[in-house]
Amino acid sequence: LECSVSPLYPDSSLSFLHLEKLVVNTILIKEKVKQFQLVDRYTELTIISDVRDRDLVEHELLARGRDHEEWRQKQLRGELEKIRIDKLFRSSFSGGVVSGVAGIGKTTMVQKIVHDWATGKIYPHFHFVFVFKFRDLNRLHDRPTLSRLIVEQYPYLRNVLDELWKHPETLLFIFDGLDEFRARIDFADSRRDTEPQRRCTDPEFLCDLSDIVYSLMQKKLLPGCSVLVTSRPTALHLLAKARVSVWAEILGFVGEERREYFHKFFEDQELAAAVYSHVEENELLFTMCYNPSYCWILALSVGPFFTRKLSNKQRVPKTVTQLFSYYIYNILSHHSVKMESPRDVMLKIGEMAFTGVSHRNIVFSDEDLIKYNLQPSQFLSGFLMELVERESSEHSVVYTFPHLTIQEFVAALAQFLSPHSKQTMWRLIRCDKEEDGRFEIFLRFVAGLSSPRAAQPLEDFLGPFVHQTTCAVIDWLKEKVKTQIGDTDTVTGKRKLLNTLHYLFESQNQALAQLTLGSVHTLTFGDFSSEKALRLTPIDCVVVSQAIGLCDTIKELNLTNCYIQEEGLQRLVPALHKSDQWENGITQLEGTVGHTVMAVTHHNPALGDWDG
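When the letters of the sequence shown are read in order and numbered with full-length UniProt numbering, they come out as residues 1 to 612.
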């Protein structure tokens with residue numbers, strides 16, 4: 001994203017060309033990359049004042065959120081005030097933070113802001129907008145000045161910086177991706193204000209990069225300028241003490257915005273309608289569509305099924321693991337460069353991906369590739385270029401997976417390609433013991449890839465999965481269910497049980513589910529104390545619904561204070577209708593939309609009052 005544009009400096013029009021276009025990777029057509037006009041492809045995002053706990057740390061797939069459905073209902077009732085991008089800065093003397101999970105559209109939103117400003121639609125009081133990506137700033141190992149940072153990226157401003165500094169109120173600095181910054185900017189650290197070597201009050205002072213960003217936001221450097229920072233929720237705690245006048249969060253797509261995305265993605269509107277209809281009918285996939293990146297993956301993976309013969313439609317992916325399997329399958333089947341050993345290459349990429357997941361790293365360098373015997377030159381064409389995106393600047397080259405969840409899937413896939421099945425199982429046990437959630441989705445994919453339905457497309461290209469690993473994963477999952485089913489006294493225990501049901505769902509192993517849940521009479525996720533209850537997302541409700549549907553022995557479902565909301569209720573009701581004995585409870589349950597369900601049982605359904 002190169003975008004500092006000013007009508008006063010004609011050279012800056014070169015940057016404007018980048019602003020006008022969206023570059024989209026596609027595996028649906030011969031051309032692997034297509035460019036589109038931003039205004040033609042941009043779908044409006046729902047942005048709201050940030051009301052969530054800023055300490056919230058969740059994986060983006062899990063963050064479909066405890067509160068997302070509540071916000072959707074408020075919007076339908078007209079109670080939710082959306083923040084338009086032209087209202088983030090009501091005056092030039094302000095700072096703002098926009099948060100959102102990975103893939104939700106933060107960087108594209110930045111591009112749209114600068115495009116609309118450059119075309120004169122918004123923020124006329126800003127004469128210059130400077131955009132920096134934290135992932136690019138990581139390359140700096142010495143202490144820069146603010147002037148040097150600007151000149152390196154915008155060399156046509158070299159001779160006018162002194163004039164710019166005289167009018168800081170006309171400047172907007174945008175720093176994109178705080179969560180990717182390797183240095184730490186802690187606004188609660190008061191030493192920056194007392195230690196002379198860390199004070200950064202002049203654009204010509206040599207300072208640590210973190211001190212430059214800190215000083216701009218705290219109005220100690222160029223007071224009067226405006227600063228916008230974007231970040232995933234994982235880094236928001238660092239900004240708690242920052243001088244910020246606007247906190248906002250991108251919810252992603254709400255309501256018809258999801259349909260609009262698919263119709264803008266596909267040029268063939270009949271194809272767009274067919275793909276969207278399938279996604280809408282699949283509860284799990286549709287629930288994921290709040291996130292633009294998931295919409296992109298869905299469009300790329302599901303689209304090919306609707307351009308082939310009708311008989312293929314029964315194989316359309318229905319779980320997240322199946323979805324990502326077909327995503328990788330389509331890349332493998334469409335890339336034009338033959339590899340001597342695609343299995344070996346995928347195993348190496350998967351090992352690199354796993355290391356990244358372990359260390360919360362999503363940006364890789366040439367050195368990382370070489371460490372795993374992956375030559376950077378391989379990215380000039382072919383398979384690797386489509387799986388791992390390459391970004392280059394004047395000083396460095398970095399690589400990222402298109403989405404964190406793709407990185408986690410590739411890490412899981414590598415476990416089934418490795419000949420060392422015992423090492424793989426040791427790794428799974430170690431990952432399962434981590435309490436911070438970093439391996440949650442990775443483990444779901446591991447469970448899902450034990451399913452022949454998910455494995456088969458990839459085995460066509462990569463060869464058979466290691467049978468011992470598949471068997472070991474199923475045995476591990478069996479023990480997980482037995483261990484967790486009775487441990488629901490704490491929130492942690494309930495969360496582990498829910499994760500285990502997610503593993504079962506992804507595995508689509510009906511025999512295993514009936515074997516492990518066959519003697520279960522009660523599923524407990526709620527509690528009379530809201531602090532001990534587990535909030536369930538609509539995706540969670542899909543998973544619980546399947547568990548109920550597979551097991552006739554389950555007599556009671558405790559959802560006290562689980563805050564399931566209307567969309568979650570819709571996911572549960574079909575499974576509860578399976579037995580006439582549930583009907584009385586279901587009738588009362590359906591009459592309590594927006595109410596907390598305390599429990600639904602065969603004998604005496606107990607529905608509690610709504611606690612807000």
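We put the beta carbon where it would ideally sit given N, CA and C, even for glycine.
The criterion of a C-beta distance shorter than 7 Å is not satisfied by residue 445 and residue 494. For residue 172, the pairing in a beta bridge is given by DSSP as 129, 226. Contact check for residue 103 against residue 293 passes: the beta carbons are separated by less than 7 Å.
Looking from the CA of residue 564, the closest CA among 487, 554, 542 belongs to 542. About 6 Å separates the beta carbon of residue 404 from that of residue 362, a gap short enough to meet the 8 Å contact definition. Secondary structure at residue 486: coil, using DSSP grouped into helix, strand and coil.
Per the DSSP secondary-structure output, residue 271 pairs with nothing in a beta bridge. Annotation: the segment 299-371 contains the following complete segments of the alpha helix (DSSP H) (minimum length 4 residues), in chain order: 320-334, 342-358, 366-371.
Residue 358 and residue 527 have their C-alpha atoms roughly 33 Å apart.
In this structure, DSSP gives residue 183 a state outside helix and strand, which the three-state scheme calls coil. Under the three-state reduction of DSSP output, residue 88 falls in the coil class, being neither helix nor strand. By DSSP's assignment, residue 248 forms a beta bridge with 49, 98. Around residue 273, the same chain offers no residue with a beta carbon nearer than 7 Å, after the five sequence neighbours per side are excluded. Ranking 407, 443, 174, 211 by CA distance to the CA of residue 346 puts 407 first.
Nearest to residue 516 by alpha-carbon distance, out of 475, 536, 269, 295, is 475. Non-local beta-carbon contacts of residue 210 in its own chain, meaning distances under 7 Å to residues more than five positions away in sequence, involve 183, 184, 185 in chain order.
Counting C-beta pairs closer than 8 Å gives three or more between the segment 224-241 and the segment 162-181, which meets the contact rule. Judged by DSSP secondary structure, residue 449 falls within the alpha helix (DSSP H) whose first and last residues are 440-449. The continuous beta strand (DSSP E) containing residue 556 extends over residues 556-558. Following the DSSP letters along the chain, one finds residue 110 inside the alpha helix (DSSP H) bounded by residues 106-118.
The C-beta separation of residue 84 from residue 264 comes to about 19 Å, leaving the pair out of contact by the 8 Å criterion. Distances from the CA of residue 48 to each of 225, 137, 248, 369 were compared; the closest alpha carbon is that of 248. Selection 560, 508, 208 evaluated against residue 549 yields 508 as nearest (Cα-Cα). A distance below 7 Å separates the beta carbons of residue 187 and residue 241.
At the C-beta level, residue 261 and residue 295 come within 7 Å of one another. Taking 7 Å as the cut-off, the beta carbon of residue 204 is found closer than this to the beta carbon of residue 145.
Rounded to the nearest angstrom, the gap between the Cα atoms of residue 428 and residue 448 is 14 Å. Non-local beta-carbon contacts of residue 505 in its own chain, meaning distances under 6 Å to residues more than five positions away in sequence, involve 543, 546 in chain order. Per DSSP, the unbroken alpha helix (DSSP H) holding residue 405 starts and ends at 404-417.
Around the beta-carbon of residue 289, 16 or more other beta-carbon atoms lie within 10 Å, marking it buried. Taking every protein chain shown into account, the CB of residue 125 has fewer than 16 other CB atoms within 10 angstroms, so this residue is exposed. Burial check for residue 115: the Cβ neighbour count within 10 Å reaches 16 or more, so the residue is buried. Per DSSP, the beta-bridge partners of residue 399 are 364, 390.
Around residue 89, the same chain offers 226 as residues with beta carbons nearer than 6 Å, after the five sequence neighbours per side are excluded. Secondary structure at residue 234: helix, using DSSP grouped into helix, strand and coil.
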